[in-house]
Structure formats: structure tokens, C-alpha cells
Amino acid sequence: MRIKKTALYVLGLVLLAVQVLAADSLMMATTTSTDDTGLLNALAPVFQKETGIELKWTATGTGKALKLGENCDVDVLLVHAPEVEKAFVEKGFGLNRKEVMYNDFVIIGPAADAAKIKGKSVKEAFDLIRGKSAAFASRGDKSGTHVMEQDLWKKTGKALPEKESWYIQTGQGMLQTISIAAERKAYTLTDRGTFIKYESDHKGHPPLVILVEGDDVLKNQYSVIEVSPKHCPKVKHDLAKKFSDWMVSPKTQKFIGDFKLLGKPLFTPNAKK
Amino acid sequence: MTRPLYEIRNLLHRYGERTVLEEDGLDLYPETITGIAGPNGSGKSTLINILALIVKPTRGTLAFMGRNVSLFSVHARGQIAALTQDPALLKRNVAANVAYGPRVLNDRENLDRRVTEALDAVGLDPAVFAGRNVRALSGGEARRVALAARLVLKPKLLLLDEPTAHVDEHSSAMIRQAVLQARQRWKTAFLISSHDREWLDSFSDQTLTAFHGRLFREERVNILPGPWKQDGDLWFRTGESEPGTGMPVPAPPDPGRDAAVLPASALRVVASGEPVPEPWIRFPVVLAGTGLSRTRDCLLLALEAGDTRLVAMVGEDEWKNIRPGQTCVACYDPSRLMFR
Amino acid sequence: MDFIVEGFLKALQLILSGDPETYSAVKATIHVSSLSMLVSLVAGIPAGFALGYFAFPGKRGLRLVVDTLMALPTVFIGLVVYAVISSRGPLGSMGLLFTLEGMAIGQAILAFPVVAALSASAVESMDSRLRPTLMSLGVSRTRLFLTSLREVRFGLLVASLNAYGRVTTEVGISMMVGGNIKWHTRTITTAIALETGKGMFDTGIALGLILLLIAFAVNLSLSFLRKFE
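Okay, here's the thing in C-alpha cells:
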């Protein structure tokens, strides 16, 4: 009986120690396109080494990520939809929105380019696609990319192609949508990061290639937002702040800029100095 | 005077509107073998299920060894056991089936030996059968395994419902032998139902007759089912090939459905010209066979009246009235006739 | 099509190289499914047994409800569980969101009707002579229940394996409630969803094959129970 009691006591101590020794952990909501680039997989170990905090993240669409923040289920957000982000902060759900990096969007399509959009501006390209009723794949899931895409359609001055037969709404993540576009020989709008990953997955010879890039309206801004401790008292705000500060620190900013796939940089760090 | 093992009072059981069993009082004594003979639907199985505490009677009290018992009564556990008409065997081998009862009662002392003993008692060689899968048994063998599973409990009372129905001759004989052995070695009392009256009589202390949910104590009972039609003052069975033959009865309350019940001891045989008391009913019969009563002091006469077969239990003085091959006269007191 | 063949090769490679992400997903899958199966069996088998065994008013209606619950979509369950254990939900303070335990709760909700309905069916197909036979041996009520349970064990095993199949292959609950967090709540099924979403079909196939292997191992180890004694 004594042995049993001692064993239980030791077990209790071990469990306690495990709790104490277990790294502090920070819960983040981000988007699937961000996760798919692999940047977080590279950043997380460095963050843990330098701060002792374990970064855990769940990747969903932008809408759901913000909802998780609003529901106090996560401590920090890393998303790329400036309009809705600002509304999020304005409503009091988030604090300290800090821009950390950007990449750009590109319009990709089959090399054959039936609608001849190569080299054109976004407005011209979209008009050509609409004119030719060329197949176009959309995220259709209220994600940051989807919101950006809808903005660009609005900027052409015409109605959203919601119900057009050539407009394919996949309701899925970026890589999935690209796969579907490749299957259907369609055009689609994607962030460059996801495209580079896609390109590398196809060993440098992807079925879809970049046709339109560089247009100013295609810039895709990423920001970190701390979930407001006023709105969510139980949230780990101190850890969230540490992460936010770390993301804009010069060392991390350099790391982000150096992150490459296929020898190509994915992101341009642009935290305010 | 030994105390009864089982005292049953005011028993009544109904299925919906239908009364299937009715018995005012029945006592079973230790170490006795009681038989119940009767056709299907006479209530034998219902009685056994109720006494075995498997079915709760609509009304009635059951006192076993002085204490009232009911379903799941701890007092009866291991003391009352029953072999129902269609017993299930568990999905295990023979020995495990026989050992199941004692095991769940935590009565494991010498269990292996007792299992062997029980199998021996029902005539199944343990060396051959103990390990056998129950699916590989014949009907008779399965029935005997089920019996062994009850014998092993050494219950004070064992109820058997039609133990030899659909069973081969050999198994039938083995079962009878097992019952007698159990009574002798382990003082087990038995209540056994069967439609085979002769088989029961060959080893029971007393045989009751079951008919339409009622039990009759008399050794022999004549049961004549209806329907009845009137002919003059008396009524005859409509099934008779020649109208006006068969045993006449007074007016039945329900001529369409009633059966007439007359104890064999109530039926008399008289000489041709002999007068009979006024209300008695007389009718011609022909002798068809003879036998002896259990007590071997009365003659059992098989009589034929028309298409009806009757049994009369007669004393020494009536033997002289019997004329083999000739028509005799039978008569009875109608007050001893019951309608059911 | 060739990603299926590549999938086979990838599966071997992942297993033999001891790929840590794969093994983490395997561990998570086993952890969650074991937990959810334990809860749903402990609750579901007695409930199903009672449902099949006893006669009571409203039995048919209840049976209908349980049978219908078997068709609950996993995303729906995931959504409801999320709403309850989210930080702002009634059980938010328990910190179950994004944990394996939270996922197990959702899976238990998925599995319970399956276990109960199929157990009830198993009991209903039980030999009707069993009850009078056992009572004729003078068993207690508890013993009657336990032995009857043992006699229908094959049917209960089928019910359990059916439920196990449902929980190990579901994605909706694991995704919604677990969040597919690497090293923590990424199970084989959510990993498959992730990889296929990335276009990595061969990895998706590979993980699927590994899941199949686990299911096979479970079935194999339980197959001895099918043997008639």
C-alpha cells in the first residue's frame, strides 16, 4: 500500500513538473494561404528558440480566423485583408494592428492564354476574360484572396460575375482552387507565395503560369493583430504582444525577407521602422 | 407430517381476457415426483413457468420452503430449477453450459467433478461430450445437456416441461433414469409435465390431469370435448358417426364450446337389467381393454360408446358385470359430471 | 492516376523513415479515437441494450430518433461542439477547443447513436428463449443482463467496429474542434485534408493507406472475439 501511495505521489509531481516545464504556448489564427507557403513552419521554431514560447496555429479562411478572434478562441491573428482587419480593430476585438510583410497577387492561367491577357493591366485582363467568357476560378469563400478578387472585379465598373457560367466558385483554399483551375484550364487570382509553392510542387513546370503581375492594385498586405484583452479577458495578451513585437523586429524581418522557395523570395517585409 | 416444499394458493393466470390457468391450492412435497398429463394448451407449461418463477401469475401466492417467492427471489435461487420446453444452450461448449448455473451462484467447489457427475447421470459420456461444441449435438443430446445443467445445481425442486417431446427413445429412457437417480441420490423433488400419461405413470408418485387450465387430482379423468346437440332430454356429441350414440350428458351451459369431464371412478358398469338410481344416466358400452390402476387394487376398463372411448375405474364387485365381447351397461351420477 | 502508385511508395517511405509529422498524426488519431470510443461504448452499449431489451411506452419513437441521429453530418456536430466549447460558449472555461479531448467529445457524439442503435438491433435479434432459460436456472437480474450481453457479443462487436470506422475517418469534427494544429491536433484525416488541399495527392493517399493499416490492425486484434468458443 505504501508503494502505491508513493507511486501516486511521484506521478502527481511529474505531471505538475510537466505542466510547469511545458513551454508557454500562443494560439494563432491565420489563413490557409499563409500556412501553405511554409513560412510559419520556418518561423515557429525560431520564435520558440528565442522566446521560449510555442506558436500553435490553426489555418482557415480569413472570415473564420477573424471569427475565432472575436470569439476569444485565439490570442493573435495573422491575416491579409486590410479592410476587414480595420473593422475588426474598430469594433474593439483587436489591438495594435501592425503591418509585417506583403506579397503580391498575380493572375495565372494556361500558357495558351486564350483570352490574351498577358502583360495587360488587371482591369484590361478582367474585361478580356469577361468578354471571351473564359473560365475563371474564384475562391468564393470570403477569404482575403476572395475579397481582393471581388474588389478587382468591382474596379472594372461592371457587375460581379456571380452567376456567370464561366465563373467557377470553388469555396476552397488557394492551392485547391489552383488545382481546379488547372483542371479546367481556367484563369485565377492567387497570391504569389502560393503560386511559387505550387510551381515548386510541380518541379518548376506548372500547367498554369503568371500572366499578369506588378499592377499596383495587386499588393497583398499581411498584418498581425493582437486579440483585445478588454474584449477577451482570458486571452494570453502578453504572449501575443511578444509575438507581434517579434514579427516586426529587424532580425525577424530579415528572416522573412530571406525566406525563399525555388530561389525566389516569397514575401517582402514592410514593418514600420 | 412433512412440511410441503412448495405451497401454491389462489393461482390464476390470464392472457388478456383468456384464463389459462386456475388452481385453488396445490402442495408439492419433498422428494416426490408429481406428473401432470394433458394435451397442448391445457396449462401445463404455464403452471411450470409460474412455479419456476419465470412468469409472474396474474394472481396467487407461492410459498417455497415456508417463504413467499417471486421472480428473481434470492430465497429460491439454486433451489428451484426448471427445464422448459425449448431450452437455449449458451454459445459455449457442453461442460461450460453445465457449469454455468453453479458458477453464477459462486458455488465452485469441486465443480469439475460435479459436472462430470451430472453428465454421467443423463447418460452422456463426459470424456466424449464435455468439450463438444453445442452446435454439434442432436436434439436429444442437447435436451440431456440442459437437464444436466439443472441437475448439477442439486435443486430441491426440479420442474420439467415435456422433457421427452421430440426426443428419441434412448434419450427418453435416459431422462427417466436420471430423474429417478436424482431423487434417490440428491433428494430432488420433481414436477414433470407430459402428454404421455403412461410414461409419467411408470415412475411418478402421483399424476394430475390438466385440462383447459384446471388440474384434476383423480387418477383417471374422462374428457369429452363438444360440440353437443340435443336428442330428447339428453345431449350427445355431434362428432358421433351414428347419432344418438356415445356418452349422453345433461344440458351443457355452452353446447358449442363446453367439454364434459367425468372422473373414471364415477363411471360404473352394471348388469343389463339392474336398476340405477333415478337421476343417473345409463347407456350401452362395449369392453375394449383392461388395465390395472396404480394402486393395483382396481381394474381400469377401456369402454367404447359409439365413437367415444372412456375409462372406468371399477372395484372388485363390478368385475362380475363385465362380459367381454358383449354389450354392457355403463352409468354415472350426473352430479359428478363437470363442464368446462 | 499515378499519384495512387506514388502514394503507396510514399506510405512506405513515411513509415520506414519514422517521419515525425506522420507519427504525430498517427498518435493523435489513436488518442482521439480511443477516447471517443471508450466514452461512446460505455454509454452506448447499455443504452442500446436497454433500448432493444425492454418494452416501454415511446420505445418506437425513441428508436426512430436514435436511428436518425446516426446520420448526423460531422461538420454539423463539429459546429455545435465548437459553439459550446468556444471561449464564449457555455463550456468555454474548460479550455477544450483545439484539444484532442475536445475532438473526442465531438466524436463521441458521432459514435454514440451508432453504437446504441446497432446494439439495440443486436439485442433484438437475441434468442428469445435465452431469458426464460437463464431464469430457469435461478439467475439474478444483473446476471441475466451480463450473460445476455455476452451472448450477443458478436453483434455488439459489429456495432463497435462500425462506430470505430466512423470516428477514425471523420474530418468535420476534427477540423472544426481541433483546428488541425501541427504536432497537437493534426490527425491523419485532417492531415489528408491539408495535403490534398495543397495539391499533394500522393501524400494524401499515403496517409490514407496508413490509416487503413491502423484500422486493419484493430480489426485483426479483435478478430479472435469472433471465434465461437
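Residue numbers (the working numbering), protein chains in the order written: chain H, 2 to 274; chain D, 8 to 347; chain C, 26 to 254. Beta carbons: idealized from backbone N, C-alpha and C, even for Gly. All figures in this text were calculated on a predicted structure; none of them were measured in a lab.
Minimum C-alpha distance to residue i - residue among the options
i, options, result
"V64 of chain C", "C:F28, C:I110, C:E126, C:L87", "C:E126"
"G251 of chain D", "D:F136, D:L58, D:R330, D:G313", "D:G313"
"P21 of chain C", "D:L58, D:R244, D:V268, D:F223", "Look at the range of chain C in this structure, 26 to 254, and you will see that residue 21 of chain C is not part of it."
"I134 of chain C", "C:L104, C:L41, C:T214", "C:L104"
"A128 of chain D", "D:G138, D:T171, D:R190, D:L112", "D:R190"
"E84 of chain H", "H:D216, H:E51, H:M149, H:D36", "H:M149"
"G53 of chain H", "H:E125, H:L78, H:W247, H:V75", "H:W247"
"R66 of chain D", "D:P286, D:R120, D:V27", "D:V27"
"K255 of chain H", "H:A272, H:V225, H:D239", "H:A272"
"P200 of chain C", "C:V100, C:D92, C:A141, C:I235", "Residue identity check: residue 200 of chain C is Met in the sequence provided, not Pro. It is C:V100 whose Cα lies nearest to the Cα of M200 of chain C."
Buried or exposed (CB count within 10 angstroms, at least 16 for buried), residue i
i, result
"Q86 of chain D", "buried"
"R110 of chain D", "exposed"
"S144 of chain C", "buried"
"A271 of chain D", "buried"
"E148 of chain D", "buried"
"R193 of chain H", "buried"
"N140 of chain D", "exposed"
"S52 of chain D", "buried"
"I29 of chain C", "exposed"
"I15 of chain D", "buried"
"Q237 of chain D", "exposed"
"L245 of chain C", "exposed"
"Y359 of chain D", "No answer is possible for residue 359 of chain D: it lies beyond the span of chain D, which begins at 8 and ends at 347."
"T189 of chain H", "buried"
"S166 of chain H", "exposed"
N- and C-terminal bounds of the alpha helix (DSSP H) containing residue i
i, result
"G103 of chain C", "99 to 110"
"K99 of chain H", "Counting along the chain, K99 of chain H falls outside any alpha helix (DSSP H), though it belongs to the beta strand (DSSP E) covering 95 to 111."
"D92 of chain C", "84 to 94"
"G131 of chain C", "125 to 149"
"T160 of chain C", "One point to set straight first is that residue 160 of chain C is Met, not Thr, in the sequence displayed. It spans 155 to 161 - the alpha helix (DSSP H) in which M160 of chain C sits, taken as one unbroken run."
"I169 of chain H", "It is not in any alpha helix (DSSP H) - I169 of chain H instead sits in the beta strand (DSSP E) that spans 168 to 170."
Neighbourhood of residue i by C-beta, 7 Å cutoff - its chain only, sequence neighbours within 5 removed
i, result
"F123 of chain C", "G203, G204, I206, T210"
"I217 of chain C", "G229, L232, G233"
"K220 of chain H", "Y103, D105"
"R84 of chain D", "L112"
"F290 of chain D", "M254, P255, A312, A337"
"S229 of chain H", "G93, F94, G95, L96"
Simplified DSSP state of residue i, which is helix, strand or coil
i, result
"I239 of chain C", "helix"
"H82 of chain D", "helix"
"E14 of chain D", "strand"
"K143 of chain H", "coil"
"V228 of chain D", "strand"
"P270 of chain D", "strand"
"R262 of chain D", "As written in the sequence, residue 262 of chain D is Pro, which differs from the Arg given in the question. P262 of chain D: coil per DSSP, three-state reduction."
"I217 of chain C", "helix"
"D238 of chain D", "strand"
"N221 of chain H", "strand"
"L174 of chain C", "helix"
"M29 of chain H", "strand"
"H238 of chain H", "helix"
"Y78 of chain C", "helix"
"G39 of chain H", "coil"
"E84 of chain H", "helix"
Proximity test, residue i beta-carbon vs the ligand ADP heavy atom, cut-off 7 Å
i, result
"Q184 of chain D", "This structure lacks the ligand ADP; in fact it carries no ligand of any kind."
Start-to-end residues for the beta strand (DSSP E) that takes in residue i
i, result
"K65 of chain H", "Note, K65 of chain H: premise wrong, no beta strand (DSSP E); alpha helix (DSSP H) at 63 to 71."
"D192 of chain H", "188 to 192"
"V77 of chain H", "77 to 80"
"W193 of chain D", "That residue, W193 of chain D, is in no beta strand (DSSP E); its alpha helix (DSSP H) goes 176 to 193."
"P291 of chain D", "288 to 299"
"T41 of chain D", "40 to 44"
6 Å CB neighbourhood of residue i in its chain, flanking five on each side removed
i, result
"A172 of chain D", "none"
"F47 of chain C", "Position check: residue 47 of chain C holds Thr in this sequence, whereas Phe was assumed. Around T47 of chain C: L39."
"L129 of chain H", "A116, I118"
8 Å Cβ shell around residue i - same chain, five flanking residues per side excluded
i, result
"A125 of chain D", "V105, A155, A156, L158, V159"
"K84 of chain C", "L76"
"Y36 of chain D", "T9, P11, L12, A196"
"A137 of chain D", "N100, V101, A102, V122, T123, L126"
"F210 of chain D", "I40, R183, V186, L187"
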